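Asks: Residue numbers (the numbering used here): 1 to 562. Quick reminder that beta carbons are idealized off the backbone N, C-alpha and C, glycines included. Just so it is clear, the structure is predicted and the values come from calculations on it, not from any experiment. Take this structure, written in structure tokens, and hold onto it; I'll ask about it next.
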């Protein structure tokens, strides 16, 4: 029933996208005149290639913007190392990503702008490039792209997968849930960046056996090679800052500059030689900040104009692209923006931590909360979350006490190093790379199940039996029958994982031999109202916060060699 609804909703979406295609073309022209699309390469957004396709197998990496594009680079390098014969195609949708990544991608990687999600553009793009696999970074899901790729037999993978709270609420609506379920069913692999994100995807009806873990790829900070001019420019700025107190506010959105400038004015009262570096999220915003401050008579230097930090200049606005990670090395304190107003959802803190900055961020961090919690779990001093009102006091403490500042800098760097010490991606995440281009390559359900079910470095078919027991309801021990046959929606529970691979009931129809029985006891806390049907008492049970113990008996069956 759900599959039928999903196909129906998709047909409606496809018809609408087809009918709106002329208007989307006009919209692209309008964006080009506004400077939001590349002036020469904007036809690529219609699926028109500007470069020839090399012969041989090709993998397409897609990232919506600069942050996701930078996240993809370590994975691309890993793929090139594993399979140098593969051609890598990289796409993004923003001009800022193009300007930074065009000189940062590994040699041989083809860069194009991603097509808009209309039937004609997607068909033209897929027909020309003929990718063997598509790897989407984070959460850029477009129905025409995903469904058409699946129809053409192209493997789909979602790395560092995440869905924001707003998007999750939207996709969970009865009208849209069948559509997202249809799209997720087309993927062969989903690698969420956190456990909570894995739960989100299961709630959106993603097949459980395709979900695997590898950690947050944003911890894999990639070092870019700097040109001679870039090195000279950074060194020159370093000399100008040598004898001054410095702090930096990065990824600042419109409205957040009031918080930053408010803290700056207070700090200036007792640190007259202070330099506040402001790195706005959007370049135009930086120029607006500079104009406003100059009208107020404040000394401001603009990075794009190569202004010098002379005496009386206390604010340095960086209105250039691609320099953020280098600038972190010039400041002992980094305040990460996009987090001080509820309209935003934070930004990546790993680059600042990798540079050894004392990391501060606001309370509104969205999916970056998992990254912050992981770092704080390793060292509570690694990241400091403050409100806009508390920012000035936190900065004053750091400038006043050198020991506190050094402790926070060291804590951030050590926590980052601990979390980034592993592989960029595990072999289970990139196993399909080795198969791309082979005569028998077909990334289907059976292949995915075979690849993901592992135990002690061997492949197994696995079946399981469940036994559930309610431990407590809203904190009160459940003293009725010890074991109940519960009829509840099992997808609200994160299923069992072993060696970072999900175990599930498989019916491959392959002759197998029972080699091991493994018992796993899981305890879940459910923090929402759920209605359960109690078979034994023929009654409904309404639970608030419930703790459920689930025992799973896994039976491992050895598989024949392929």
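By the DSSP assignment, the beta strand (DSSP E) with residue 385 in it spans what residues?
Replies: Taking the chain shown and counting its residues from 1, the one referred to as residue 385 is at position 385. Residue 385 -> beta strand (DSSP E) spans 383-385.
Asks: Within 8 angstroms, do at least three Cβ pairs link the region 134-151 to the region 57-71?
Replies: yes
Asks: So which of 195, 141 and 173 has the shortest CA-CA distance to residue 184?
Replies: Working through the chain shown from its first residue, we reach residue 184 at position 184. The option with the nearest alpha carbon to residue 184 is 141.
Asks: With a threshold of 16 other CB atoms inside 10 Å of the CB of residue 94, please say whether the residue is buried or exposed.
Replies: As a working mapping, residue 94 is identified with position 94 in the chain shown. Burial call: buried.
Asks: Around the C-beta of residue 503, are 16 or more other C-beta atoms found within 10 angstroms, so that it is buried, or is it exposed?
Replies: Locating residue 503 in the chain shown gives position 503, where the first residue counts as 1. Because residue 503 sits at a pLDDT of 33, beneath the cut-off of 50, its placement in the model cannot be relied upon, and the following sentence gives the value as read from the coordinates. So residue 503 counts as buried.
Asks: Are there three or more Cβ pairs, one per stretch, closer than 8 angstroms when the region 326-333 is compared with the region 282-290?
Replies: no
Asks: Count the C-beta pairs between the region 233-247 and the region 370-382 that are closer than 8 angstroms, then say yes if the count reaches three, no if not.
Replies: no
Asks: Does at least one heavy atom of the ligand ADP sit under 7 angstroms from the Cβ of residue 238?
Replies: No copy of the ligand ADP occurs in the structure displayed, which carries no ligand at all.
Asks: Can you give the Cα-Cα distance for residue 448 and residue 189, rounded to whole angstroms?
Replies: Counting from 1 along the chain shown, the entry for residue 448 is found at position 448. Counting from 1 along the chain shown, the entry for residue 189 is found at position 189. Here the model assigns residue 448 a pLDDT of 35, short of 50, so the residue's position is not dependable, and the following value carries that caveat. Taking the straight line from one Cα to the other gives about 7 angstroms.
Asks: Taking all protein chains shown into account, do 16 or more other C-beta atoms lie within 10 angstroms of the C-beta of residue 277, making it buried, or fewer, making it exposed?
Replies: Here residue 277 is taken as the residue at index 277 of the chain shown, counted from 1. The residue in question, residue 277, is buried, as its Cβ has 16 or more Cβ neighbours within 10 Å.
Asks: Counting C-beta neighbours from all protein chains within 10 Å, is the total for residue 507 16 or more, i.e. buried, or is it exposed?
Replies: Taking the first residue of the chain shown as 1, we reach residue 507 at position 507. With a pLDDT of only 31 at residue 507, under the threshold of 50, the placement of this residue in the model should not be trusted, and no figure is reported.
Asks: Taking the beta carbon of residue 413 as the centre, do at least 16 other beta carbons fall within 10 Å, making it buried, or is it exposed?
Replies: Position 413 of the chain shown, counting from 1, holds the residue named residue 413. Buried, by the Cβ-count rule.
Asks: With a threshold of 8 angstroms, are at least 3 pairs of Cβ atoms found where one atom belongs to the region 142-149 and the other to the region 166-176?
Replies: no
Asks: Reducing DSSP to helix, strand and coil, say where residue 365 ends up.
Replies: For the purposes of this step, residue 365 is taken as residue 365 along the chain shown, with counting starting at 1. Note: residue 365 maps to coil in three-state DSSP.
Asks: Could you tell me the distance, in whole angstroms, from the CA atom of residue 391 to the CA atom of residue 34?
Replies: Translated into the one-based positions of the chain shown, residue 391 becomes position 391. Translated into the one-based positions of the chain shown, residue 34 becomes position 34. If you take the alpha carbons of residue 391 and residue 34, they lie about 36 angstroms apart.
Asks: With a cut-off of 8 angstroms on the beta carbons, I'd call residue 335 and residue 309 a contact; round off their distance for me.
Replies: Locating residue 335 in the chain shown gives position 335, where the first residue counts as 1. Locating residue 309 in the chain shown gives position 309, where the first residue counts as 1. With 8 angstroms as the limit, residue 335 and residue 309 do not qualify as a contact, their Cβ atoms being about 19 angstroms apart.
Asks: So, helix, strand or coil for residue 287, using DSSP?
Replies: As a working note, residue 287 is residue 287 in the chain shown. Helix, per DSSP.
Asks: Check whether the region 110-118 touches the region 78-94, counting contact only when three or more Cβ pairs, one atom from each stretch, lie closer than 8 angstroms.
Replies: yes
Asks: Please specify which runs of the alpha helix (DSSP H), each continuous and at least 4 residues long, are wholly inside the region 134-196, giving them in chain order.
Replies: As far as the region 134-196 is concerned, its whole alpha helix (DSSP H) runs of at least 4 residues are 143-151, 165-171 and 177-185.
Asks: With which residues is residue 360 paired in a DSSP beta bridge?
Replies: Position 360 of the chain shown, counted from the first residue, corresponds to residue 360. In the DSSP output, where bridge partners are listed per residue, residue 360 has 335 and 384.
Asks: For residue 297 versus residue 340, is the C-beta distance shorter than 8 angstroms?
Replies: In the chain shown, residue 297 corresponds to position 297, counting from 1. In the chain shown, residue 340 corresponds to position 340, counting from 1. No.
Asks: Within 10 Å of its beta-carbon, does residue 23 have 16 or more other beta-carbons around it, so buried, or fewer, so exposed?
Replies: Here residue 23 refers to the residue found at position 23 of the chain shown. That one is exposed.
Asks: Once DSSP output is grouped into helix, strand and coil, what is the label at residue 109?
Replies: The residue labelled residue 109 in the question sits at position 109 within the chain shown. Three-state DSSP puts residue 109 in coil, outside helix and strand.
Asks: Kindly identify the DSSP beta-bridge partner or partners of residue 280.
Replies: Within the chain shown, the letter at position 280 stands for residue 280. Answer is 252, bridged to residue 280.
Asks: For residue 40, which residues of its own chain have a beta-carbon under 7 angstroms away from its beta-carbon, when the five flanking residues on both sides are left out?
Replies: Translated into positions along the chain shown, residue 40 becomes position 40. Same-chain partners within the cutoff: there are none.
Asks: In the DSSP output, what is residue 42 paired with across the bridge?
Replies: What you label residue 42 is simply residue 42 of the chain shown in a count that begins at 1. Answer is none; residue 42 lacks a bridge partner.
Asks: In whole angstroms, give me the CA-to-CA distance for residue 524 and residue 187.
Replies: Residue mapping note: residue 524 aligns to position 524 of the chain shown, counting from 1. Residue mapping note: residue 187 aligns to position 187 of the chain shown, counting from 1. Its pLDDT being 44, under 50, residue 524 is placed unreliably in this model, and the coordinates cannot settle the point.
Asks: Could you check the C-alpha separation between residue 5 and residue 179 for me, to the nearest Å?
Replies: Here residue 5 refers to the residue found at position 5 of the chain shown. Here residue 179 refers to the residue found at position 179 of the chain shown. Answer to the nearest angstrom: the Cα atoms are 8 angstroms apart.
Asks: How is residue 260 classed by DSSP in three states: helix, strand or coil?
Replies: Counting from 1 along the chain shown, the entry for residue 260 is found at position 260. In this structure, residue 260 counts as helix in the three-state DSSP scheme.
Asks: Please identify the residue among 420, 17 and 10 whose C-alpha is closest to the C-alpha of residue 216.
Replies: Here residue 216 refers to the residue found at position 216 when the chain shown is read from its first residue. Per the Cα distances, 420.
Asks: Using the three-state DSSP reduction, which class does residue 476 fall into: helix, strand or coil?
Replies: As a working note, residue 476 is residue 476 in the chain shown. At residue 476 the pLDDT is 38, less than 50, meaning the model places this residue with poor confidence; the figure from the coordinates comes in the next sentence. Residue 476 carries a strand assignment under DSSP once its states are collapsed to helix, strand and coil.
Asks: Helix, strand or coil for residue 399? Go by DSSP, reduced to three states.
Replies: Indexing the chain shown from 1 puts residue 399 at position 399. In this structure, residue 399 counts as helix in the three-state DSSP scheme.
Asks: Taking only beta-carbon atoms, is residue 401 less than 8 angstroms away from chain D?
Replies: Here there is only one protein chain, and chain D is not present.
Asks: So for residue 315, helix, strand or coil by DSSP?
Replies: Looking up residue 315 in the chain shown gives position 315. Strand.
Asks: May I have the straight-line CA-CA distance separating residue 405 from residue 396, to the nearest angstrom?
Replies: The residue you call residue 405 lines up with position 405 of the chain shown. The residue you call residue 396 lines up with position 396 of the chain shown. In a straight line, the C-alpha of residue 405 is about 10 angstroms away from that of residue 396.
Asks: Got a sec? Which residues, its chain only, sit under 8 angstroms from residue 427 by beta carbon, not counting five neighbours each side?
Replies: Stepping through the chain shown from its first residue, residue 427 is reached at position 427. Legend: pLDDT at residue 427 = 41, less than 50; position of this residue unreliable, value from coordinates given subsequently. Correct list: empty, nothing qualifies.
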